[in-house]
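Engineer:
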Amino acid sequence: MDVGVIFPILNTTIAFATPLLLACIAGLYSERSGVFDIGLEGKMLVGAMCAGAVAFYTGSAWLGALAAIAGSLVFALIHGVTSITFRGNQLIAGVALNFLASGMTVLVAQYLFGQGGRTPPLEGAARFNPITLPFADALKEVPVIGAFYHDVISGQRILVYAAFAIVALTWWVLYRTRFGLRLRAVGENPAAVDTAGVSVKGLRFSAVMITGVLCGLAGAYMATALQAGFGKEMTAGRGYIALAALIFAKWRPIQAMYACLLFGFFQALALRPDVVESVVQFKVPVPFLDALPYILTVLVLAGFVGKAIPPRAGGEPYVKER
Amino acid sequence: MSFMKTLAGATCAFALFAGAASAEPAIIFDLGGKFDKSFNEAAFNGATRWAEETGGTFKELEMQDEAQREQALRRLAEAGANPVVMTGFAFGDTLAKVAPDFPDTKFAIIDVDWLDFPNVTQIAFSEHEGSYLVGMMAAMASKTGTVGFIGGMDIPLIRRFGCGYAQGVMAANPDAVVVLNMTGTTPAAWNDPVKGAELAKGQKAQGADVIFAAAGGTGVGVLQAAADEGILSIGVDSNQNYMHPGSVLTSMLKRVDNAVYEAFKAGADLQPGVTRMGLANDGVGYAMDENNAALVTPEMIAAVDAAAAKIKSGELVVHDYMSDDTCPAATF
Chain A
111 MDVGVIFPIL NTTIAFATPL LLACIAGLYS ERSGVFDIGL EGKMLVGAMC AGAVAFYTGS
171 AWLGALAAIA GSLVFALIHG VTSITFRGNQ LIAGVALNFL ASGMTVLVAQ YLFGQGGRTP
231 PLEGAARFNP ITLPFADALK EVPVIGAFYH DVISGQRILV YAAFAIVALT WWVLYRTRFG
291 LRLRAVGENP AAVDTAGVSV KGLRFSAVMI TGVLCGLAGA YMATALQAGF GKEMTAGRGY
351 IALAALIFAK WRPIQAMYAC LLFGFFQALA LRPDVVESVV QFKVPVPFLD ALPYILTVLV
411 LAGFVGKAIP PRAGGEPYVK ER
Chain B
45 MSFMKTLAGA TCAFALFAGA ASAEPAIIFD LGGKFDKSFN EAAFNGATRW AEETGGTFKE
105 LEMQDEAQRE QALRRLAEAG ANPVVMTGFA FGDTLAKVAP DFPDTKFAII DVDWLDFPNV
165 TQIAFSEHEG SYLVGMMAAM ASKTGTVGFI GGMDIPLIRR FGCGYAQGVM AANPDAVVVL
225 NMTGTTPAAW NDPVKGAELA KGQKAQGADV IFAAAGGTGV GVLQAAADEG ILSIGVDSNQ
285 NYMHPGSVLT SMLKRVDNAV YEAFKAGADL QPGVTRMGLA NDGVGYAMDE NNAALVTPEM
345 IAAVDAAAAK IKSGELVVHD YMSDDTCPAA TF
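Line by line, the protein sequences give chains A and B. Residue numbers for the first sequence, in the numbering used here: 111 to 432. Residue numbers for the second sequence, in the numbering used here: 45 to 376.
So, in structure tokens, the structure goes:
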């Protein structure tokens, strides 16, 4: 087992963890504010489709990302109106949005391009291409650390670095700003926030909108960085894995990053059964590796790895007067 | 409720009427989707060619999930479509249930050869022969001596591709290493380009510089990743050379289009039995066009054509994985 084998796996780990991380942090804002969002998957899918289509037409990955955010925001708005304004069931609204996204993205892509619900392959500036960080080539020869910097940290796409920056930013917002304090409070005890004269609806709407922006970025990453175009159901359940990671991390940003990296690592491992076999000395079925994130989440929920307590007011629409 | 009954009655009446009025052929595409640029798209092209040549029309249906299979098949047969063509082994069991109920309808199924009904035509391809040829080309084009294979769903049929490919690789370079991966174990594995691309990158990390994708829509991701990473890929079923000119070494052709075309042309007179399409009757082969002309050397073509001639004459027998579920050149 040498580092030459482990570094490509770690590189893939980061590439795979990024969409999970963006979606997970997206879910964190929404759920911390007391709005459960099972529709992360759908919003990512819409984002991916918008990014793929707009990046193809304009040839710019950045415009694609903006379109992804816009598309995802529309879905976030629907979720917000349904579950905050009209006090609908948040889970059902989320599931409905997922179904809508699953069908609509294919329909629109088929209408626009007629390629079976796929967007045409993207090239050049229409994709976020890998960035070589400064000194990466110079440090390449330094054993372990330099090679790690060159092979794993450098050579990722800009959205990857953005995602990790967003984790730090989220920690700061959540624990060091007034907005963050209120956001956490509104998810625990909206009545107290209301009594203090702060708008519960306003806070929850802003949280849901932030969720929309981040899900859009996750979708854009899928369509214009990880892949070269949108494909039917291309998010492949990543929105649900992100939710699992959120629970695993007990709704905390830094831990969410670790959870997503862990889940990304499992996904990367599932692609290299030969490495797994050489380490554990027996053949591990690939479906088992694919299922590991879910198994871990079940263990967490069953209380084996400490207790995961969701925000207390989560899932309940706030009623001002009775 | 009564409205629903009326509606159902009207639908039935309409279906019967439609059946009496015409006997259009029908085609059902499997889960990869009609535009997978590969297997199903080849079938669609065959159907389209028939429609253009005869001026006829055909019914078509794309499967969306596993549960629809039997309903879809019955509905088309009830609607009077004749013959009904299915693409893919997954329809085998469904057809075994449905075929006896519609003795007057002719069915044609691709990639199946184990059924026995008087109204069923089965078309099976000798994919191992075509894969053998592209395997030889892969080994000759590889600089690292390591080549890759990415299958779609892990089923014996796809192992037949992989096994033929590995034999071809070994024939051209006995020291070569073949890295084998399957995308998954469910039909979703036919349409997961994200995973296909990451598998391709993983194989490159293991030294592979030519990768053969036999994975339906998943192959789109494999070919894309190969182009991104600057290595070669091999397409499957349809000619995929045009997708990334200069990066797709060749494509293993499986003339599903011809099979569908012939079935549609025969119409209601379709003869039952098993047709085997191999190198000898141009059922499989490799694709050459202007997009890959610069990648393929005359030596490769000479070697591959010599092997093809030997296979046709029976002098060289490529082992068929599905004959005994083992492969002499690779382990799955």
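No residue lacks a Cβ here, since even glycine has one placed at the ideal position from N, Cα and C. All figures in this text were calculated on a predicted structure; none of them were measured in a lab.
#1: Along chain A, in chain order, which residues have C-beta atoms closer than 9 Å to that of B:A241?
#2: Just verifying my parser: in three-state terms, what is the DSSP assignment at B:T262?
#3: Could you please give the first and the last residue of the uninterrupted alpha helix (DSSP H) stretch that includes A:E151?
#4: Kindly give me the distance between the Cβ atoms of B:I355 and B:E173, rounded to whole angstroms, as I take these residues to be in contact under 8 Å.
#5: Does DSSP put B:S277 in a helix, a strand or coil?
#6: Just to confirm the assignment, what range does the alpha helix (DSSP H) spanning B:R320 have?
#7: Where in the stretch 168-249 of chain B do unbroken runs of the alpha helix (DSSP H), each at least 4 residues long, occur, reported from the N-terminal end onward?
#8: Find the nearest neighbour of A:P436 within the set A:I135, A:I124, A:L131 and A:E141, judged by alpha-carbon distance.
#9: Less than 7 Å separating the Cβ of B:G228 from some heavy atom of the ligand PLP?
#10: Please return the same chain residues whose Cβ sits closer than 6 Å to the Cβ of A:C160, not counting the five positions on each side in sequence.
#11: Who are the near neighbours of A:R362 in its chain, counting only those whose CB is closer than 7 Å to its CB and skipping five residues on each side?
#12: Going by beta carbon distance, what residues of the same chain come within less than 8 Å of B:I278, once the five residues before and after it are set aside?
#13: Would you list the one or two residues that DSSP bridges to B:F151?
#14: DSSP on B:F256, reduced to helix/strand/coil?
#15: Is there contact between the stretch 218-226 of chain B and the stretch 187-194 of chain B, where contact requires at least three CB pairs shorter than 8 Å?
#16: Give me the DSSP bridge partner(s) of B:K103.
#17: Report the residue ranges of all alpha helix (DSSP H) runs contained in full by the stretch 315-365 of chain A; include only those spanning at least 4 residues, in chain order.
#18: With 8 Å as the C-beta to C-beta threshold (strictly closer), list the residues of the stretch 253-280 of chain B near chain A in chain order.
#19: Who pairs with B:S291 in a beta bridge, going by DSSP?
#20: For B:H288, which of B:Y305, B:V328, B:D333 and B:S357 has the nearest alpha-carbon?
#21: Would you be able to state if there are at least three C-beta pairs under 8 Å between the stretch 122-141 of chain A and the stretch 309-328 of chain A?
#22: Just to make sure I have the definition right: I need the residues of chain B whose C-beta is within less than 8 Å of the C-beta of A:M344. Which are they?
#23: Given this structure, state the Cα-to-Cα distance separating B:S315 from A:R382, to the nearest angstrom.
#24: Pull up the CB-CB distance for B:M107 and B:A116, whole angstroms please, since I reckon it's below 8 Å.
#25: Using only the alpha-carbon positions, how far apart do B:A91 and B:Q284 sit?
#26: Would B:K394 pass as a contact of B:A271 if the rule is Cβ separation under 8 Å?
#27: Taking contact to mean at least 3 C-beta pairs separated by less than 8 Å, is the stretch 166-177 of chain A in contact with the stretch 398-407 of chain A?
#28: To the nearest angstrom, how far is it from the Cα of B:A324 to the Cα of B:D349?
#29: Using the beta-carbon of each residue, which ones in chain A are nearer than 7 Å to B:D78?
#30: I want to verify the contact list: residues of chain B whose CB lies under 8 Å from the CB of A:R286, in sequence order.
#31: Is the stretch 271-278 of chain A close to the stretch 194-211 of chain A, with three or more CB pairs under 8 Å?
#32: Taking the alpha-carbon positions, what's the A:R294 to B:S282 distance?
#33: Once you ignore the five residues that flank B:A210 on each side, which residues in its own chain have a CB closer than 8 Å to its CB?
#34: What residues of chain B sit near A:P230, judged by a beta carbon separation below 7 Å?
#35: Is the stretch 232-241 of chain A close to the stretch 335-351 of chain A, with three or more CB pairs under 8 Å?
#36: Between A:I263, A:E387 and A:G152, which has its C-alpha nearest A:K250's C-alpha?
Structural biologist: In brief:
#1: Neighbours of B:A241 on chain A, chain order: L336, Q337 and A338.
#2: Secondary structure of B:T262 (DSSP, three-state): helix.
#3: It spans L150 to T168 - the alpha helix (DSSP H) in which A:E151 sits, taken as one unbroken run.
#4: B:I355 to B:E173, Cβ: 5 Å. Contact.
#5: If DSSP states are grouped into helix, strand and coil, B:S277 belongs with the strands.
#6: Premise fails: B:R320 lies in the beta strand (DSSP E), G317 to M321, not in any alpha helix (DSSP H).
#7: With a minimum length of 4 residues, the continuous alpha helix (DSSP H) runs that stay inside the stretch 168-249 of chain B are 171-185, 200-216 and 237-249.
#8: Because residue 436 of chain A is not part of the residues shown, which for chain A are 111 to 432, the question remains open.
#9: The model depicted lacks the ligand PLP and carries no ligand whatsoever.
#10: Cβ-Cβ distances below 6 Å link A:C160 to A177, A178 and G181 in the same chain, with the five nearest sequence neighbours on each side left out; the list follows chain order.
#11: For A:R362, where only same-chain residues beyond five positions count, there are no Cβ hits under 7 Å.
#12: Apart from sequence neighbours up to five positions away, the residues of its chain that approach B:I278 with a beta-carbon distance below 8 Å are V178, M181, A182, V254, I255, F256, A257, V292, L293, T294, S295 and M296, ordered along the chain.
#13: Answer is B:V128 and B:V164, bridged to B:F151.
#14: Reduced to three states, the DSSP call for B:F256 is strand.
#15: Flag = yes, the stretch 218-226 of chain B and the stretch 187-194 of chain B touch.
#16: Residue pairing by DSSP places B:K103 opposite B:A70 in a beta bridge.
#17: Qualifying alpha helix (DSSP H) stretches, in chain order: 348-358.
#18: Listed in chain order, the positions of the stretch 253-280 of chain B with a beta carbon within less than 8 Å of a beta carbon of chain A are G261, V264, G265, Q268 and D272.
#19: DSSP, once it has assigned bridges, lists no residue as partnering B:S291.
#20: The residue with the shortest Cα to Cα distance from B:H288 is B:D333.
#21: Note that the stretch 309-328 of chain A touches the stretch 122-141 of chain A; at least 3 beta-carbon pairs, one per stretch, sit closer than 8 Å.
#22: P237 and V238, listed in chain order.
#23: At residue 315 of chain B the sequence reads Gln, which differs from the Ser that was named. C-alpha separation (whole angstroms): 46 Å.
#24: Confirmed, Cβ separation roughly 7 Å.
#25: Separation of B:A91 and B:Q284 (C-alpha to C-alpha, rounded to the nearest whole angstrom) is 19 Å.
#26: Coverage of chain B is limited to positions 45 through 376, which leaves residue 394 of chain B absent and any answer about it impossible.
#27: No contact exists between the stretch 166-177 of chain A and the stretch 398-407 of chain A.
#28: Distance between the alpha carbons of B:A324 and B:D349 is about 12 Å.
#29: Position check: residue 78 of chain B holds Lys in this sequence, whereas Asp was assumed. In chain order: G226.
#30: Those within 8 Å of A:R286 in chain B number zero; the least Cβ separation is about 36 Å.
#31: Fewer than three Cβ pairs drawn from the stretch 271-278 of chain A and the stretch 194-211 of chain A lie within less than 8 Å of each other, which leaves the two stretches out of contact.
#32: A:R294 and B:S282: Cα-Cα distance of roughly 55 Å.
#33: If we look at B:A210 and ignore the five residues flanking it on each side, its Cβ neighbours are G179, F193, V222, L224, C371, A373 and A374.
#34: Per Cβ cutoff of 7 Å: no residues; A:P230 is ~11 Å from chain B at best.
#35: Three or more beta-carbon pairs drawn from the stretch 232-241 of chain A and the stretch 335-351 of chain A are found closer than 8 Å, and the two stretches are therefore classed as touching.
#36: Of the candidates A:I263, A:E387 and A:G152, the one whose C-alpha sits nearest the C-alpha of A:K250 is A:I263.
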